[in-house]
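K.L.:
Handing you this structure, nothing more for now.
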Amino acid sequence: MAMTAGAAEGAGKRFACADYTAGKVFLVGADGKVEWEHPAKNCNDLRVLPNGNLLFSTGHGVLEVTREKVEVFRYESKSEIFACQRLPDGSTFVGECNAGRLIEIAPGGRVVKEIRLLPEGKDGGHAYIRNARKLPDGHYLVSHYGDQAVREYDKDGKIVREIPAVGGPHSAVRLPNGNTLMSNWLGHGQFGKAPHLVEVTPKNEVVWTFADHATMRAISTVIDLATPGDPVAGAILH
Numbered sequence: 000m001a002m003t004a005g006a007a008e009g010a011g012k013r014f015a016c017a018d019y020t021a022g023k024v025f026l027v028g029a030d031g032k033v034e035w036e037h038p039a040k041n042c043n044d045l046r047v048l049p050n051g052n053l054l055f056s057t058g059h060g061v062l063e064v065t066r067e068k069v070e071v072f073r074y075e076s077k078s079e080i081f082a083c084q085r086l087p088d089g090s091t092f093v094g095e096c097n098a099g100r101l102i103e104i105a106p107g108g109r110v111v112k113e114i115r116l117l118p119e120g121k122d123g124g125h126a127y128i129r130n131a132r133k134l135p136d137g138h139y140l141v142s143h144y145g146d147q148a149v150r151e152y153d154k155d156g157k158i159v160r161e162i163p164a165v166g167g168p169h170s171a172v173r174l175p176n177g178n179t180l181m182s183n184w185l186g187h188g189q190f191g192k193a194p195h196l197v198e199v200t201p202k203n204e205v206v207w208t209f210a211d212h213a214t215m216r217a218i219s220t221v222i223d224l225a226t227p228g229d230p231v232a233g234a235i236l237h
């Protein structure tokens, strides 16, 4: 099947995507044509909010904009940021990579919660944190790429679980059955040395893996389409 620029093959579906290299986020129509775009330097995380706004990371910050490209929320940091999430109470969760800091920011910009995974002033470096999510029970699921582990922290920042992730985890999600699904990036010399995807039970027992090193190289994001919900609407998130 030949693919050409701006063309969609098969049944169409609208989607949002972030392009790290181009430094943009896009909304793409079912016909495969770009409907909307916005600058987003080094974007790694993106969500379309229920009000239609887009929330996304911008390398060293987080931005929320309307479809009219009006900025309604901005957070900037000296640290690299690979993770952002809008919480049910309207605040925004941010994972600061270098600082090793998990924060929650009120709509007005005030930091209302801070958890330090590293001592203040210590630089965890470029590989410390990738994707991170706050779970419904108040815990935090954090992908530590450089440490090759996914760690779960309680509401006070105490490690309550560590999942080995050989190859370097980029994203992790808690499934409805309690299992954890992780994507391994496998960059920087790790290619071919571990599965692309790994699912483990609450006891860290591996129940499923996926690897196709002939087709895929460095996976950063996975959406579980077997779980009920609409991934395009954000019901299922990487």
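Residue numbers (numbering that gives the first Met the number 0): 0 to 237.
Glycine included, each C-beta is placed from N, C-alpha and C at the ideal position.
Below 8 Å, can you find three or more Cβ-Cβ pairs linking the segment 119-137 to the segment 11-22?
P.N.:
no
K.L.:
Which residue from 203, 132, 170 and 183 puts its Cα closest to that of residue 209?
P.N.:
183
K.L.:
If we count the other Cβ atoms within 10 Å of its Cβ and call it buried at 16 or more, is residue 91 buried or exposed?
P.N.:
buried
K.L.:
When we look at the beta-carbon of residue 125 and count the other beta-carbons within 10 Å, is it buried (16 or more) or exposed?
P.N.:
exposed
K.L.:
Can you tell me whether DSSP reads residue 123 as helix, strand or coil?
P.N.:
coil
K.L.:
Compute every distance between the C-beta of residue 127 and the non-hydrogen atoms of the ligand FMN, then say whether any falls below 6 Å.
P.N.:
The ligand FMN is absent from the structure shown, which contains no ligand whatsoever.
K.L.:
Does DSSP put residue 42 in a helix, a strand or coil?
P.N.:
coil
K.L.:
Taking the beta strand (DSSP E) that residue 147 belongs to, which residues open and close that run?
P.N.:
Neither: residue 147 is in no beta strand (DSSP E) and is coded neither H nor E.
K.L.:
Comparing C-alpha positions only, which one of 149, 202 and 48 sits nearest to residue 131?
P.N.:
Closest option to residue 131, Cα to Cα, is 149.
K.L.:
Could you check what DSSP says for residue 195 in three-state terms: helix, strand or coil?
P.N.:
coil
K.L.:
Using DSSP bridges, identify the partner residues of residue 208.
P.N.:
Beta-bridge annotation (DSSP): residue 208 is paired with 197.
K.L.:
Report yes if the CB atom of residue 147 is closer than 7 Å to the CB atom of residue 120, and no otherwise.
P.N.:
No, the pair does not count as a contact, with Cβ atoms beyond the cut-off.
K.L.:
From the DSSP secondary-structure annotation, give me the bridge partner or partners of residue 285.
P.N.:
Outside the shown range of the chain, which is 0 to 237, sits residue 285, and nothing can be said about it.
K.L.:
In angstroms with no decimal places, state the Cα-to-Cα distance between residue 23 and residue 15.
P.N.:
11 Å
K.L.:
May I ask which residues mark the beginning and end of the beta strand (DSSP E) holding residue 163?
P.N.:
It spans 158-163 - the beta strand (DSSP E) in which residue 163 sits, taken as one unbroken run.
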